[in-house]
Amino acid sequence: MPELIALHPTAHVPAPAASTGRAFCQRIARLAVRSLYAELALYPKPGLVSLVDNGSHTDMTAATFLRSMFALRRYFLHITHAGVDDAPFHVLKRLGIEAEARMMRATAGINTHRGAIFCLGMLCAAIGRCHASSAALTAKVVQAMLLACWGRELGAHSIDAGTHSNGARALLRYAASGAREEGARGFPSVFDVGLPALRRTLAAGRGMRQARIDTLFALMAHISDTNVYHRGGADGALTVRRRARAFVARGGTACPDWEARALACHKAFVAGRLSPGGAADLLGAACLLQAVTNG
C-alpha cells in the first residue's frame, strides 16, 4: 500500500521508555492501518466499498475510507502505547471515543471504521501488553491477555450499548450480536473463525488475496452482523449467511470459478443494498493478527 503513516507520538500519550518499545508501537500501528487498507483494497467483496466500486453504499467511496485511515493512524499508536503501559479500560475507551470523533470529522459524519476502532484498537492494546510482559506473540496469548486485562470491563461494555448507533438499534430490534458482544468474549469470530480461515488458505498454497476472500466469506457465514440487520433486516441477514455458506461449502477459493461466484454474490448484495460491514471489520482484525502473531 502507499506509505500512509508518518507516526509520531504526541505529548499527552506517554511513550515506552525504551526506543525498542517505541519502535514496536509504531510497527503495530502501521500494521493496523495496513490491515484496514488490505480490507478496502480487496475485491470482489460482496456489498462493500472497494477501490473498484462503492458496493451497496451511496454515501461513501474508497476516498472516504482513506481519509478515515489517515485520521486513525495515531489512534493505533496511542492505544498500543496504552496497552504497553497497562492502562485501565476507561483510558482505552476514551482513546476510542476520541478516535471516533476524528473519524467523523474526516468523513463528514460517515461511519467508516467504528467497529474497527473498537476491535483493532483492543487488539493493539493486548498486543502492546504482551510485548511489555515479554509474552509470546501468538494468537492464543493475545486473546488471553485481552481477556485477563480488560475482560470484565468489556463484558460490562457489551450490555451498555445505548441506542445512538445503527448497530445498537439493530441489536435491540433483532437481538443481533455485534462488535461489543464480540469484544466481551475476546473476539472469538476473529480468533476461532477468521484467522484460522486465513491461515488454512495460505497453508494450502493459495495467495493472500484468496486467503482474505476465504476469511471474509467464513466470517459472513458465521457472524450475526448488525450492519446487515440494519440495512436488510432478518431476511437480508439470512441471505448473507446462505450465500456465504454456499461459497464456503463449494471450497471457497479452491473452486476454479470462485471469482465469478464471489462477483455474482457482490452484485446480488448491491441489488439488495446489503453490506456486511461487521465481517469487514473482523477481516481487518484477522489481517492484523496474521501480520503480528507467530502462531
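In the working numbering, the protein residues as written are -9 to 285. Think of the CB as a built atom: it goes at the ideal place given N, C-alpha and C, for glycine as much as any other residue.
Cβ-Cβ distance between residue i and residue j below 7 Å
i	j	result
M59	V23	yes
G111	I69	yes
G118	V81	no
H103	F14	no
L41	A52	yes
V230	L279	no
T128	G285	yes
A174	L144	yes
S124	V260	no
L21	A281	yes
Alpha helix (DSSP H) segment containing residue i, residue limits
i	result
T205	M198 to H212
V74	A52 to V74
K257	W248 to A261
H121	R104 to A122
A244	Run containing A244: none; DSSP gives neither H nor E here.
F79	F79 to A96
T287	Only positions -9 to 285 of the chain appear in this structure, which leaves residue 287 out of reach.
D271	G267 to V282
Close-in-space but distant-in-sequence residues of the same chain around residue i (CB under 8 Å, 5 per side omitted)
i	result
L85	Y65, H68, I69, A72 and G111
A275	S25, A106, C109, L110, L113, F177, V180 and G184
T54	V39, T97, I100 and T102
E88	Y65
Q133	A116, G176, F177 and F181
E90	R104 and I107
Beta-carbon contacts of residue i that lie in its chain and below 7 Å, excluding the five residues immediately before and after
i	result
V332	Residue 332 lies beyond the range of the chain shown here (-9 to 285); nothing can be said about it.
A187	D204, T205 and A208
P(-8)	Note that P(-8) scores 40 on pLDDT, short of 50, meaning its location in the model is unreliable; the coordinates nonetheless yield the value given after this. Once the five neighbours on either side are set aside, P(-8) has no close Cβ partner at all.
G197	none
A77	none
T243	T191, R196, Q200, I203 and D204
Beta-carbon proximity list for residue i, same chain, < 6 Å, skipping 5 on both sides
i	result
A270	E29 and L38
L32	R202
A234	F207, M210 and A211
N44	T51
F79	W140 and E143
A258	none
I18	T70, C114 and I117
CB contact below 7 Å: residue i versus chain C
i	result
H256	You won't find chain C in this structure, because it holds only one protein chain.
Per the contact definition of three or more C-beta pairs closer than 8 Å, is the region 27 to 38 in contact with the region 244 to 259?
-> With contact defined as three or more Cβ pairs closer than 8 Å, the region 244 to 259 and the region 27 to 38 are in contact.
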